[in-house]
Each structure stands twice: as structure tokens, then as C-alpha cells.
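According to the numbering used here, the sequence shown is numbered sequentially starting from 19.
Have a look at the structure below before the remarks.
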Amino acid sequence: MSLRLCRWLTTLAVLAVTSAHAAATNAPFDLQGPTLEATVSRDKTTLPIAQVPHLAEGDKLWIKADFPKSQSEHYLLVLSFLRGPTNPPPKNWFFKCETWKRACMEKGLTVTVPEGAQQALIFLAPEDGGDFKTLVNAVRGRPGAFVRSTQDLNQATLDRSRLERYLTSIRHLNAANPAVLKDTTPLLARSLGIRVDEKCLDRLPQLQAPCLMQGQETLILNDGHSMSIVEALTKGPASDLVMAASATPQANYGYYSPYLASLRDLGRLFDSFRVANYQYIPALATAVDKELTLTLNTPPSFQNPKSVLVAALPAVEQALPPPLHAVSPKDIYCVRKDRLVLPVEGAPLVFATEYAHHTVLRVAGANGEVIELPAMADATQGGFLIDTSPLGNASLADRFRGSLHGYWGFDKFNGPGFQLVNTHSQTWAPASPDDTSLIIGRANTIHLQSGSVACIDRIMVKDPTGKELRVDWSPVKANEVEINLALQQAQPGALTLFVSQFGSPEPHPVELRAYPEAGRFESFTMHEGESHGVLKGSRLADVAALSLKGLEFVPAADMANPESDQLRLEVKPVEATDTPAPSLQQGDAAKAKVTLRDGRSYAVNVAVAAPRPRVELVGKSVQVVSGDSSNIQLASENQLPQDAQLIFSVRAKSPAIFSRDANIEVASADEALSTTLSLANRTLTLADSKVAVATFDPTKAFGFSAFGPLKFRVVHKGVAGDWQPLVTLVRLPVLKGLDCPSDPAQSCKLTGVNLFLVDSVASNPDFKEPVAVPVGFPGRALPVPRPGQGGLYLKLRDDPSVVNVAALVVPEPPAPPAQASPAPTEQPVATAASAPIPNP
Numbered sequence: 019m020s021l022r023l024c025r026w027l028t029t030l031a032v033l034a035v036t037s038a039h040a041a042a043t044n045a046p047f048d049l050q051g052p053t054l055e056a057t058v059s060r061d062k063t064t065l066p067i068a069q070v071p072h073l074a075e076g077d078k079l080w081i082k083a084d085f086p087k088s089q090s091e092h093y094l095l096v097l098s099f100l101r102g103p104t105n106p107p108p109k110n111w112f113f114k115c116e117t118w119k120r121a122c123m124e125k126g127l128t129v130t131v132p133e134g135a136q137q138a139l140i141f142l143a144p145e146d147g148g149d150f151k152t153l154v155n156a157v158r159g160r161p162g163a164f165v166r167s168t169q170d171l172n173q174a175t176l177d178r179s180r181l182e183r184y185l186t187s188i189r190h191l192n193a194a195n196p197a198v199l200k201d202t203t204p205l206l207a208r209s210l211g212i213r214v215d216e217k218c219l220d221r222l223p224q225l226q227a228p229c230l231m232q233g234q235e236t237l238i239l240n241d242g243h244s245m246s247i248v249e250a251l252t253k254g255p256a257s258d259l260v261m262a263a264s265a266t267p268q269a270n271y272g273y274y275s276p277y278l279a280s281l282r283d284l285g286r287l288f289d290s291f292r293v294a295n296y297q298y299i300p301a302l303a304t305a306v307d308k309e310l311t312l313t314l315n316t317p318p319s320f321q322n323p324k325s326v327l328v329a330a331l332p333a334v335e336q337a338l339p340p341p342l343h344a345v346s347p348k349d350i351y352c353v354r355k356d357r358l359v360l361p362v363e364g365a366p367l368v369f370a371t372e373y374a375h376h377t378v379l380r381v382a383g384a385n386g387e388v389i390e391l392p393a394m395a396d397a398t399q400g401g402f403l404i405d406t407s408p409l410g411n412a413s414l415a416d417r418f419r420g421s422l423h424g425y426w427g428f429d430k431f432n433g434p435g436f437q438l439v440n441t442h443s444q445t446w447a448p449a450s451p452d453d454t455s456l457i458i459g460r461a462n463t464i465h466l467q468s469g470s471v472a473c474i475d476r477i478m479v480k481d482p483t484g485k486e487l488r489v490d491w492s493p494v495k496a497n498e499v500e501i502n503l504a505l506q507q508a509q510p511g512a513l514t515l516f517v518s519q520f521g522s523p524e525p526h527p528v529e530l531r532a533y534p535e536a537g538r539f540e541s542f543t544m545h546e547g548e549s550h551g552v553l554k555g556s557r558l559a560d561v562a563a564l565s566l567k568g569l570e571f572v573p574a575a576d577m578a579n580p581e582s583d584q585l586r587l588e589v590k591p592v593e594a595t596d597t598p599a600p601s602l603q604q605g606d607a608a609k610a611k612v613t614l615r616d617g618r619s620y621a622v623n624v625a626v627a628a629p630r631p632r633v634e635l636v637g638k639s640v641q642v643v644s645g646d647s648s649n650i651q652l653a654s655e656n657q658l659p660q661d662a663q664l665i666f667s668v669r670a671k672s673p674a675i676f677s678r679d680a681n682i683e684v685a686s687a688d689e690a691l692s693t694t695l696s697l698a699n700r701t702l703t704l705a706d707s708k709v710a711v712a713t714f715d716p717t718k719a720f721g722f723s724a725f726g727p728l729k730f731r732v733v734h735k736g737v738a739g740d741w742q743p744l745v746t747l748v749r750l751p752v753l754k755g756l757d758c759p760s761d762p763a764q765s766c767k768l769t770g771v772n773l774f775l776v777d778s779v780a781s782n783p784d785f786k787e788p789v790a791v792p793v794g795f796p797g798r799a800l801p802v803p804r805p806g807q808g809g810l811y812l813k814l815r816d817d818p819s820v821v822n823v824a825a826l827v828v829p830e831p832p833a834p835p836a837q838a839s840p841a842p843t844e845q846p847v848a849t850a851a852s853a854p855i856p857n858p
């Protein structure tokens, strides 16, 4: 074989070995190694290794290897103490135990931590003739490198414990109920110092867990407490090693997690310790109770060079208690809750390890008795879960403080304090008056206030039928709770809200009321100087009154359409005095209160417009212009026959005189018919500057089918005044005659034209026992009662409120046959009288 070929094969072999070693050092720690048992005794107390965050000089350390009976390869257990990178440990700081021999197999190795020790390492080396001496020489020859490995292994172990607790919790929650991951993961991440990709929580519940566990090399966040626990080199001769360590991923979290980075650094570190028979591979020691389970990332070799497993024990240093603090120091918690959780943060190792143990919440009873409640750190709850059962019927103050206490290894530590309340009888009241009024048909939100809301256990609501309604609630302040009520299917009426508290046998009732949805109230508009206005909005039929400037407005009695979007409101008269008007001027802005019939009230904006023109009716007269007589004597001057003219006069009030462009509008009640009387069309004449006389011909203005109440208003410079009642337009039937038979028991016969315009007929002015005329009666003869002494009385269909007189000749009863009766004289036919216009 040529020399060139030999060199090429040698280079290929070296590259292959180097590649294999690099692949091994970059592998995760997923190979389960041997298991050790270990305890630590200090004074008279012995703790399992899982509860010991650090060692102290004089501690008695007991270690025993737990190999199976089938173990064929013999391992030498070596315990070594170090005292810094520049000071090699003495030879008597190395202790060995031959695990294959009965003495070591049964009793293990008991060692006292020597004075001056700073670190402790465990070696498991395959049996070899020079194994122990080789290990001693290697450590004493380069102590700084092994100090560095102790730090790396401890840091990697602590961070791995946080990551493993996070991943295990995610798997458990996902298997039990994936829907809770979105709410629980933030608490879990806060407790363990884990970075969470919030986008994962926006996915479907089934996809959240795989997403949350991706990228494990970037999940762990920096934790100053765990780094302080393993830090031993800060100054002096070891500063060069510290500078080297600062370049490792431990000092730059986020790109690689510390325990995954350790396998790279330790791989390079231990690679330099190769001797003829040994190579060193790192092992992470996971502690549960008194068991130390070693986890490897490189398969051990039992051929030369054989593999020596290296694991780190807690450093020998002063106690560093966990820097716990309350998440929200101002929050108040109920000590009577069955599952009381006190949120804390700042020390992830409290949740990831067993270092904190025998933790309690210490409270004081009303009589000064100290009560300790067991507390357990729960990362998924984001704090300590308190067992409140020891309280029983203990007497407690309404408000008091409690604090966490426990042990950190062998040393006591004091945790944060919390504000606590005890369940007690207290008054619950709505935060505002609006919260007492609920609207059915939609969701409602109300706020209840009390001394404290921390002890609320349950809130429920029952409607008037006794049906329980769904309620969602959450505290928003220490003394206020927000309640969401779904009243889509509720009935209007009284509602009872029941507030149940932890430890209280009876719920506290709060009376509420549910109303139908109220209308919309846009504005209330009125004109300056007037005692009425118009309210605009919807559902105005529910309005009972409106209050403005100490005056009460009520709906007008002649409200035509209660479903309209406008409602006329008038000032309610005060006894016999004149109706007052609010002291508001044009442009003033004010607020009014609208009160509904069910008692609710709402605010509405008030708009004051310019004063409107006003006039007063002075007098009126009816002039008959038709040739046909209806033979009906109208009893009221407020009735205007359709075929007559109305002459009426008005006096100007505001402005004080009439202008040349002033006119008067006359309209039907519904304003479907209207006409304008003005100087221009000669239907309006000025008697003087203050009085105008108007002539109104209903037939010409409205035609022959108009009837009913008429109203009028003045219009000045385009601004219309308020409507005022004028007359009632009536259509008159033409009565021809009245024929009465000689038998008094028989009714008379009334003949005429358009008798359907008659509403009813009676023989007396009191209208007792009237005869009603059918609607739309088409006949020309109508049976009527025999007239009384005053004649025949009737009501017109267009104005049935007035009793009129039929001006007909009442026939005399026939004379007896034996006597000659004088011929009857014909009575004159009466017509509607004309009323003279009073002197203005």
C-alpha cells in the first residue's frame, strides 16, 4: 500500500470519528442511565436529594447506586469535591465505592462535605485497574474545567426541570381537556418562566398542544434565581473562565436552551480529558424524592476508551431563598374558598422542583391563634393552591393578612403576604340607579357593589315565573362585580338576583326589575313663550310626563295617533291659575326628564325655537246661504252647517299687529283638508291693525264631503302659529215632515232627505230612550218617538256631542167625534239662527 493511500485512509478514519462524536454531542439527553439514591443530613434533619437546592460544609451526604441484579459491567462510584478552578482539591476529597461489592451495594457511600468545598461531582467509571487514580489525577490536573462542567450540568438540570414540567403539563392538559389550554398555558408559562408563542393559542384546541411544544430550544427564559444557585465564579483568578462561560448559550438565552447547549460545551470540554482508557460524557441528574435518575446524550462505551459518566450535585454555597412575590399585591382573596389560589411569580424552581417544601399559608384567628393552611405550588394554577379545610369554624376577622412560609432545603423562607377576607354578612347594591332597570329581549350588564366581592361563590337570577336565568359574572374591582344577564327569553316584571358566598348558608337576594324595551327619545322642541312642545322619538305612547324647569308636561288629551313619532306635551295646569310657560328663550339649551308609565326616566335634549305668532278668537257668526231649509235648529254656535259661511274675527297677540302678508290657515283635524285665508284672496279683512275678520266657505274650500272639527292658525312671515279649535263642520239632513198616528202607543214617522246624517232621535232634551239611526240609512222615512212638550230632539252624526231641535210642526191629536175641533193653525218653520258678532 502506498504512503499516500495510508494517509488518505487515516484522514478518513479521523473524520469519521470526529463526525460521529459531533453527532453524539449534539443529540438530546434522551438516554436513560443508572439510578442513584441520595439523601442529605444536616444537624438532626435528613432530606431527600430532591429537596436540597445546595449543600453546606458539614452536611452528611449518602449515595447509593441502584443497579439491577443483572448488571454485568462493574461501575466504580466516585464522589469528588472541588474548591474552585485555581485550587486543586486534595486527594482525600475523593471517595470511592465499589458498587459490585456487598458493602457498597447495601450501605452505599456516606461522606461529610469538607470545609472549603464549593462543588461536588459524581463519577461512574467502568472497572479498570487504574480507574480511581486516573480520575483523581484528571480532576486535580484541570480543576477549572470540572468546575465549569459542574456549573453547566447544574444549570442544565434546573432548566431541564422547568422545561419537562411545562411539557408534561401541556400533555396532561391536552389529554384531559384541550379547551382549557388557552386559559391555563399563560399561567403555566408565567410560573415556569417559559416563552409561549401566543399564535398557538389562536388555533383550534386540538392543534394548540403540538404548537406549544414546538421549538423546545427557544422556550426557556432567563431565570436569575437558578443562575445564582449554580454560580460560583465571580471574580479573582477565575475571571478568565467566567469570560469564557459568558460566551456560552447560558448567558444568551433564547437561541438554545441551556441544557441543550450544555451538551455541546461539555462535549468539547470532556473531549480534552481523553486518556488511554477513559472518555468523559455528561449526565443530567433528575431528582425525584431521594432518587437521582441520570440521563445521557451519548451512548456509553465499554471498550477503550471507556465512558465515564459525570453528574453534578448541588453546589456548596449559602442559601438563596426563592424571590417569590405576589402577582397582584393589591388583590383581595377569600379565605373560605374551597380552592383558594394565591398567584405568585419570580421563582420558577418553586414550581419545577421539590426544593420548596412544607409550605403553608399562615393566618391569625380573631382570638390571636395562628392557623397554618397547607400550600402546594401548582404551575397550572399560576400560584399556590391553599387547603382551607383546617379553618373549619375558626373565628376570623372580616379582613386580615396572611403570608406564605416554608422551607427552602434546610432553611426557612418567608414568602409574600396577601390581603384576605372572611365571608360575612354585607349589603349588595347596584353601582348606579340604571342597574336596577333591566331590558328584556337582550343581554344586560349591571354592576353590584359591596364591601368585598372576593368571597362570591355563585350568582343566579330568577324571573317572575321562577325560571332560573343564565348569569356570567366577574369581579372588576375589590368591591364591585360585573354581571351579564341574558334576558332574551325573560318575562317583564320583578327579578331576584341571589348572591351566594363561600361559607355562607343562605344567598343574599337583590331585587331588580325587567322592563320592555323603551322607546327612543330624540328631542323636545318648543317655542319661546309657549306652554307646550313636541317630543320626537319612538314608542311615545309609553310617555307619562316630562319635567322641565320645575314644570310638568303631560300628553295632550287630543293626541290623535299614539304610535306617531311625535307627541304633543302640554304643561299641566296648577289649580286654577293660568298655565305657566318655562323661562326659556330662543337658542337656550336645556335638559328635560322623560318619565314613562312604568316609572323609568330618561334624559332628553330641549330645543327652544323662535316665538310663534299668536292670535285670540274674538267672535264668530254663521251665515246660511243655501235656499233649502233643513228644519234643524242648531243648539251650538260651534257647529257650522256645510252649506253656510263662517265669519270669525281674531285679535293679534304676538306680534301685536297684523302685517300685510299675514294669513290664516283653516284645516280639518287630521290636516288632510286645508285652505288659506288672506288679504290677497279677499277672505281676510283688517278691521284695524290688530283685528282681522275672516270669511270661510267650507263648500268652496273643502267640497261637500268634509265634516268634523276644524282648526285654525295664523301664519306670519312664513312662521306658523299654534293650532286653535274653530268650529265643527256638520252636514244637515233636510227634514220634510212628521206624521204621528192617533194611537199614542204608536211611533211617529219622520220624512226627509239624507236621513243617514242623523245619529239618533229622542223625545226629550235629556235624550232618554233615544232611537238610533243605522249607519248609512238610505230611506226617506224614519220611525221616531212621539215628540214631547218641547218637540223632537236629535243628534247629528258629524257632531253627536250636541243635542239639536227638529223645527217641525208637531200635529195635534184628533178631536173626539162628538165635538167639532177648530182647524189647527200652522206653526212657522224655524231655521238656523244667525249669531251676531260681538263687539271686539
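Where a beta carbon is used, it is the ideal one built from N, C-alpha and C, also for glycine.
query: Nearest candidate by alpha-carbon position, reference THR703, set PHE676, GLN519, LYS114; result: PHE676
query: Residue interval of the alpha helix (DSSP H) (run including ARG419); result: From DSSP, ARG419 is part of no alpha helix (DSSP H) but of the beta strand (DSSP E) over 417-426.
query: Neighbourhood of ALA370 by C-beta distance below 7 Å, restricted to the same chain and skipping five residues each side; result: SER179, ARG180, ARG183, LEU210
query: Beta-bridge pairing of CYS766 - partner residues as DSSP gives them; result: VAL802
query: C-beta contact flag for LEU773 and VAL745 at 9 Å; result: no
query: Among LEU310, VAL572, PRO347, LYS495, nearest to LEU614 - alpha-carbon criterion; result: VAL572
query: Selected residue, minimal CA-CA separation from ASP77, among LEU312, VAL96, ALA138; result: ALA138
query: Residue environment, GLN321, which counts as buried when at least 16 other CB atoms sit within 10 Å; result: exposed
query: Outcome for PHE47 when other beta-carbon atoms lying within 10 angstroms are tallied against a minimum of 16; result: buried
query: Whole-angstrom distance between VAL214 and ARG166, CA atom to CA atom; result: 30 Å
query: Among PRO86, LYS87, PRO144, ARG158, nearest to LYS109 - alpha-carbon criterion; result: ARG158
query: Segment contact flag, the segment 522-537 with the segment 557-572, C-beta cutoff 8 Å, min 3 pairs; result: yes
query: Which of helix, strand or coil DSSP assigns to HIS72; result: coil
query: Unbroken beta strand (DSSP E) run spanning ILE81, endpoints; result: 78-84
query: Beta-carbon spacing of GLN437, LYS308 below 9 Å; result: no
query: Exposed unless 16 or more other CB atoms sit within 10 angstroms - verdict on ALA156; result: buried
query: Exposure label - THR693; buried when at least 16 CB within 10 Å; result: buried
query: Start-to-end residues for the alpha helix (DSSP H) that takes in SER455; result: Careful: SER455 lies outside any alpha helix (DSSP H), inside the beta strand (DSSP E) at 455-457.
query: Own chain residues within Cβ distance below 6 Å of PHE666, not counting five before or after; result: LYS638, ALA712
query: For GLN69 and THR266, the rounded distance between their alpha carbons; result: At THR266, the pLDDT of 40 sits below 50, so the modelled position is not reliable; the number obtained from the coordinates is stated separately. So the alpha carbons of these two residues sit roughly 28 Å apart.
query: Cut-off 6 Å between Cβ atoms - residues of its own chain near SER443, not counting five sequence neighbours on either side; result: none
query: THR694 (DSSP reduced to helix, strand or coil); result: strand
query: Alpha-carbon to alpha-carbon, SER672 and SER601; result: 17 Å
query: Alpha carbon of TRP741 to alpha carbon of ARG632, nearest angstrom; result: 9 Å
query: SER407 at chain D interface by Cβ criterion, 9 Å; result: Annotation note: the requested chain D is absent from the structure, which comprises a single protein chain.
query: Straight-line gap, PHE113 to LEU239 (C-alpha atoms, nearest Å); result: 37 Å
query: Test item: CB-CB of THR474 and VAL494 under 9 Å; result: For the record, residue 474 in the displayed sequence is Ile; it is not Thr. Contact: no.
query: With 16 other Cβ atoms within 10 Å as the buried cut-off, status of HIS376; result: exposed
query: Sufficient close CB pairs (3 or more, under 8 Å) joining the segment 464-474 to the segment 376-386; result: no
query: The segment 382-402 in contact with the segment 200-207 per 3-pair CB rule at 8 Å; result: yes
query: As assigned by DSSP and simplified to three states, the class of LYS671; result: strand
query: Residue closest to GLU634, alpha-carbon to alpha-carbon, out of ALA670, GLU655, VAL131, ALA662; result: ALA670
query: Nonlocal neighbours in the same chain, by C-beta distance under 7 Å from GLY726, ignoring five residues either side; result: SER686, ALA687, THR746, LEU747, ASP816
query: For PRO196, the three-state DSSP class (helix, strand or coil); result: helix
query: Buried or exposed (CB count within 10 angstroms, at least 16 for buried), ARG488; result: exposed
query: Range of the contiguous beta strand (DSSP E) that encloses MET394; result: 388-396
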